[in-house]
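The next block holds one structure in the form of structure tokens; read it before the comments.
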Amino acid sequence: MIIFDYIYYFALNTLFELRRRLPLYANDHARIKTAYAFALLKVFQSSRLPLKTKTRLFEKYSERFSMPVSVKRMAQTLYCDPQRSTFLKYLSQNEIDIASERLQNRVLHSLGRMPKYSLPYEATVLQRLTQPVLPRFSMEYSRLIYHPKKGRSERFSISETRDTTALKKDGTAILCLPLGRLVKAGLDILKGFDEIIVMPQMPCDRSLITADLHSILGPRISIKFYDPKDHHAAPYSRGDAFISKACDDLGQQFINAALASPSIRRFIPKVLDEDLALDISDIIYRPIQRFYAALRSIEMQGPEVPVYFCGPSNALPRTLALMGLNPVYILGQGSGVLSDEDSQDEWLLEPTSQEMTTGLNTFMKSTKKRLLGALPPITADGQKHIYIATNTRSKSYELAHKLASHELMNIARVTTFDFAAPKGIRNLSKASLTPCLYNALHSADSGERALLSHFVQAGSRMTLDGQSIGAFPASEMKEIVSIALEQNIGALIGNVILYRLMVQKLKDVKNAQLLLLPGRHGNIRCLARAFETAGLPSLDIQVLFVSEMARYKAPMARSSTVIDSYAKDRYVRDWGQSSESVHIIGAINLDEDIKKAKSYDRKTTRKALLGSDKPRTITFAAQPLPESEIEAAIQTIAKTLKVQKNLHLCVKLHPSQSESLLGHISEYLMSEFGDKTRFTVLRNVSFAKVIAVTDILVSYFSNVCLMAPAFKVPVITLPSSAPMPALTLSKMGLAVAANTLEDFEDQLNLILNKVEGKDETLPPFPYLHKNPHMVKPNSLKRLSKIVKNGFL
């Protein structure tokens, strides 16, 4: 068997080394790395392996694997190693390198928290062939206790014995699934409750979880699911405003603390301070949003309801224990709970100055090499050149880039910096072998990230004691922030290297300009700063509605193009842009659709699309809102149109909505109208065809409403559960607002009466009086003229 282990190990070692030597991008080889780690550990665990050879493998492992999961794997391998005691004694008596000494300390720390006895894990045949023998610990739920008067490293502990005070004969318990998976161990503790509220924090199979719980707890227990996503702070809401502000404040706090280090201040140019703080804010926004939503979900169930956390202690159960409103139980083994410092401390033994210098130099060189391979060519021949910085991961910006680059090629050469992460098997494979900006910035491996994290001291620079996220204390959130930063710290430093490289490349460049699509992302802003430093102009292009949403920030380009007069007002009034630097051009993403719509013969298209000869069509353009909300709106519209025989209802579903919803709506409308010629339900049809046959458009605050002015089509906006911006479409004169669903009939009748009299006080005419350019789809031509005038 040991011969097979050696052959398998050497094969994977060869594959691992070959993959590491493919020069540019290495962040797609995690599976190879994991398989290689297990193969090394399997050989390491061999009972007849000489201690000297065992030590060499230990040193090799310490050199290549440093993340907490890697330490845990080594500790579990040693736990079941027949030579454990002998090897640890040998290791302590012999000189080893710094990395190995660090791993030794962390492994001993991990082993000290494991129970004394355990059976081997019941492995499959494949696992027995490819992985070491691992322990199977007895898992159970234990009460998490907060000690406010103890030091930070001792402030949490778990009870030695099962606390049964929460086990009533009836009542409710909350079961949190941090990974969306049910761990069946220890679930007997839930017997005695009438109802279990399951809160998955990741996607899950609800039917499978329900079946498993019923099989363990009995069929009579009530199982309900409560999705924390329901409490994600919506755009324009007060919750989003305070979460955004908290993230912005933390980002600025981190940058300020980091820049107190002279070495970091020398590395980061002052011009990037604001952009890097914004980048950090973006990195931590979603983890903090999820953290807040989970706490809010538990708060909604009321105090005293026990919470069972299906995993080890992390920021969520610790915050709940600190608050003291709900008894909290975590799933684990042994006693003692890892604090934030324990779980995030990558370096129990601080790296030497030489190791730090060598490691950072290696990272800088490899990142620079990757970026040089990924950056598009920069020419200094004095010829006109247009550079576009974009992120085509978003379909809106992918379309905007395609349209703009095609149009602008008539003026000058166009070169693109695309920071999108590759998607699809083909592109992922291609990006692992050929230049790709995203991979160049994000391909630091675990060891590099840990070293960079220590250099910047990501964990220690966050002081969250005394701070809060709404009503919740933020002190335990440090773990979430530290993990998010460590995962992205290579890319943050990569943005600084990107700026420095581009400043050098642009030093002799003349007659070039940069277009930002969008200008919001941190890496795009750092690139734009390089153009700014080189004295080259930049232009930010507004593609979608811009409003007072807390995550929107002022563009940093020298000039901007916007959709309409209302966007220009915001840029000038709220963001301090000069009126001369903001140009109104229209919505470039809608040009082609409007042109297509105007090219269709209305009568022919109506017959083909709707199968109806009714003189007027009311189109309801649905948005990705809860299905119950969409169904309620359709019921209101259908009841209003039922008596108006000359009107045809066209329901255009959003592409993200399901076929089952389409079928359900069709079935309802058939029962309501009793005549299938009275309605049409569409999903996978271009909106250009729909708007071509629309007489009145009904929707929400949506970019599709910007197409209506080109056809002088009246718009009715419906109320929504999603918060709306202060500047609504009705205030812009583009729509009339039904403030409630009951108000819809009155607004429809108002429009029908005014349409008859061709009343130009009817929206969208007030909007068009201020924005006459929206009638003609020439925004790309307007953009082209502005870019052309931007050259020398």
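Residue numbers for the sequence shown follow our numbering, so the first one is -1 and each next one is one higher. Glycine included, each C-beta is placed from N, C-alpha and C at the ideal position.
For this session: Assign residue 21 to one of two classes, buried (16 or more other C-beta atoms within 10 Å of its C-beta) or exposed (fewer than that).
Result: Walking along the sequence shown from the start, residue 21 turns up at place 23. Caution is warranted here: a pLDDT of 49 is assigned to residue 21, below 50, making its placement in the model unreliable, and the coordinate value is therefore given only provisionally. Per the 10 Å Cβ criterion, exposed.
Exercise. Whose C-beta lies closer than 6 Å to the C-beta of residue 0 among residues of the same chain, with five residues either side of it excluded?
Worked result: Position 2 of the sequence shown, counted from the start, is the residue given in the question as residue 0. Only 44 meet the Cβ criterion.
For this session: Would you kindly report the start and end of the unbroken beta strand (DSSP E) that includes residue 171?
Result: Residue 171 sits at position 173 when you count from the first residue of the sequence shown. That run of the beta strand (DSSP E) goes 170 to 175.
Problem set entry | Reference residue 39; option with closest CA among 74, 787, 641 | Along the sequence shown, read from residue 1 onward, the residue named residue 39 stands at position 41. Nearest Cα to residue 39 within the set 74, 787, 641: 74.
Exercise. Does DSSP put residue 758 in a helix, a strand or coil?
Worked result: Taking the sequence shown and counting its residues from 1, one reaches residue 758 at position 760. Note: residue 758 maps to coil in three-state DSSP.
For this session: Note down, in chain order, each residue of its chain lying with its Cβ closer than 7 Å to the Cβ of residue 569, except the 5 sequence neighbours on either side.
Result: Here residue 569 refers to the residue found at position 571 when the sequence shown is read from its first residue. If the five residues before and after residue 569 are omitted, its C-beta is found closer than 7 Å to the C-beta atoms of 558, 560, 575, 580, all from its own chain and listed in chain order.
Problem set entry | Collapsed DSSP secondary structure at residue 801 in the structure displayed | Beyond the ends of the chain as shown, which are -1 and 790, falls residue 801; an answer cannot be given.
Exercise. Using DSSP with H/G/I as helix, E/B as strand and the rest coil, what is residue 24?
Worked result: Translated into the one-based positions of the sequence shown, residue 24 becomes position 26. In this predicted model, residue 24 has a pLDDT of only 45, less than 50, meaning its place in the structure is not dependable; the value taken from the coordinates is given anyway. DSSP, read as helix, strand or coil, puts residue 24 in coil.
Problem set entry | Beta-ladder partner(s) of residue 138, from DSSP | Start at 1 with the first residue of the sequence shown, and residue 138 comes out as number 140. Per DSSP, the beta bridge partners of residue 138 are 330.
For this session: Give me the Cβ distance between residue 188 and residue 209, rounded to the nearest whole Å; I'm assuming they're in contact under 8 Å.
Result: Position 190 of the sequence shown holds residue 188. Position 211 of the sequence shown holds residue 209. The pair is not a contact, with the Cβ atoms about 15 Å apart (cut-off 8 Å).
Exercise. Whole alpha helix (DSSP H) runs in the segment 452 to 521 with 4 or more residues, listed along the chain?
Worked result: Runs of alpha helix (DSSP H) with 4 or more residues, each lying fully within the segment 452 to 521, are found at 476 to 503, listed in chain order.
For this session: Assign residue 136 to buried or exposed, taking buried as 16 or more other Cβ atoms, counted over all protein chains shown, within 10 Å of its Cβ.
Result: Working through the sequence shown from its first residue, we reach residue 136 at position 138. Residue 136 should be labelled exposed.
Exercise. Fully enclosed by the segment 572 to 646, which alpha helix (DSSP H) runs are 4 residues long or longer?
Worked result: Runs of the alpha helix (DSSP H) inside the segment 572 to 646: 589 to 597, 600 to 608, 625 to 639.
Exercise. Quick one, are the C-beta atoms of residue 716 and residue 761 less than 9 Å apart?
Worked result: Walking along the sequence shown from the start, residue 716 turns up at place 718. Walking along the sequence shown from the start, residue 761 turns up at place 763. It is not a contact, given that the beta carbons lie outside the stated cut-off.
Problem set entry | Start and end residues, beta strand (DSSP E) containing residue 258 | Residue mapping note: residue 258 aligns to position 260 of the sequence shown, counting from 1. Residue 258 -> no beta strand (DSSP E), and no H or E assigned at all.
Exercise. Starting from residue 534 and walking both ways along the beta strand (DSSP E), at which residues does that stretch end?
Worked result: Walking along the sequence shown from the start, residue 534 turns up at place 536. No beta strand (DSSP E) contains residue 534, which DSSP labels as neither H nor E.
Problem set entry | residue 316: CB within 8 Å of a non-hydrogen atom of the ligand FAD | This structure simply doesn't include the ligand FAD, nor any ligand for that matter.
Problem set entry | Rounded straight-line distance, which links the Cα of residue 665 to that of residue 636 | Your numbering for residue 636 matches position 638 in the sequence shown. Your numbering for residue 665 matches position 667 in the sequence shown. Using only the alpha carbons, I get a separation of about 12 Å.
For this session: Give the DSSP-derived three-state secondary structure of residue 198 in the structure shown.
Result: Start at 1 with the first residue of the sequence shown, and residue 198 comes out as number 200. In this structure, residue 198 counts as strand in the three-state DSSP scheme.
Problem set entry | First through last residue of the beta strand (DSSP E) which encompasses residue 679 | Translated into positions along the sequence shown, residue 679 becomes position 681. Per DSSP, residue 679 belongs to the beta strand (DSSP E) from 677 to 680.
For this session: Return the residue from the list 584, 564, 518 that minimises the CA-CA distance to residue 577.
Result: The sequence position of residue 577 within the sequence shown is 579, counting from 1. Comparing Cα-Cα distances from residue 577 to each of 584, 564, 518, the minimum goes to 564.
For this session: Please name the residue in 186, 488, 529 whose C-alpha comes closest to that of residue 357.
Result: Along the sequence shown, read from residue 1 onward, the residue named residue 357 stands at position 359. Of 186, 488, 529, the residue nearest in Cα terms is 488.
Exercise. Cβ of residue 520 within 9 Å of Cβ of residue 274?
Worked result: Taking the sequence shown and counting its residues from 1, one reaches residue 520 at position 522. Taking the sequence shown and counting its residues from 1, one reaches residue 274 at position 276. Closer than 9 Å, so yes.
Exercise. Sorted by chain position, which residues of the same chain lie with C-beta nearer than 7 Å to residue 503's C-beta, five sequence neighbours on each side aside?
Worked result: Locating residue 503 in the sequence shown gives position 505, counting from the first residue. Cβ-Cβ distances below 7 Å link residue 503 to 376 in the same chain, with the five nearest sequence neighbours on each side left out; the list follows chain order.
Exercise. Quick one, which of 54, 61, 69, 79 has its alpha-carbon nearest residue 46's?
Worked result: For the purposes of this step, residue 46 is taken as the residue at position 48 of the sequence shown. The residue with the shortest Cα to Cα distance from residue 46 is 79.
For this session: Report yes if the C-beta distance between residue 387 and residue 512 is below 9 Å; otherwise report no.
Result: Counting from 1 along the sequence shown, the entry for residue 387 is found at position 389. Counting from 1 along the sequence shown, the entry for residue 512 is found at position 514. Cβ distance < 9 Å, so residue 387 and residue 512 count as in contact.
Exercise. In its own chain, which residues sit with a C-beta less than 8 Å from the C-beta of residue 728, not counting the 5 before and 5 after it?
Worked result: Against the sequence shown, residue 728 aligns to sequence position 730. 715, 734, 735, 761.
For this session: Give the single residue among 706, 175, 409, 234 whose Cα lies nearest to the Cα of residue 308.
Result: Working through the sequence shown from its first residue, we reach residue 308 at position 310. Looking at the Cα atoms, 175 is the closest of the given residues.
For this session: Can you grab the Cα-Cα spacing for the pair residue 723 / residue 123, in whole Å?
Result: What you label residue 723 is simply residue 725 of the sequence shown in a count that begins at 1. What you label residue 123 is simply residue 125 of the sequence shown in a count that begins at 1. Pairing residue 723 with residue 123, the inter-Cα distance amounts to about 58 Å.
For this session: Identify whether residue 14 lies in helix, strand or coil by the three-state DSSP scheme.
Result: As a first step, residue 14 is located in the sequence shown; it is residue number 16 there, counting from the start. In the structure shown, residue 14 sits in a helix (DSSP, three-state: H, G or I).
Exercise. What are the partner residues of residue 275, as DSSP defines its beta bridges?
Worked result: Counting from one through the sequence shown, the residue named residue 275 turns up at place 277. Partner(s): none; residue 275 has no beta bridge.
Exercise. Does DSSP put residue 439 in a helix, in a strand, or in coil?
Worked result: Start at 1 with the first residue of the sequence shown, and residue 439 comes out as number 441. Residue 439: helix per DSSP, three-state reduction.
Exercise. Taking the runs of the alpha helix (DSSP H) that are 4 residues or longer, which of them lie wholly in the segment 27 to 62?
Worked result: List check, alpha helix (DSSP H) in window: 28 to 42, 49 to 62.
Problem set entry | Burial state of residue 420, where buried means 16 or more other Cβ atoms lie within 10 Å | Mapped onto the sequence shown, residue 420 falls at position 422. Taking a 10 Å sphere around the C-beta of residue 420, we find 16 or more other C-beta atoms and assign the residue as buried.
For this session: Kindly indicate which residue of 704, 381, 60 has the alpha-carbon position closest to the one of residue 410.
Result: Translated into positions along the sequence shown, residue 410 becomes position 412. Of the candidates 704, 381, 60, the one whose C-alpha sits nearest the C-alpha of residue 410 is 381.
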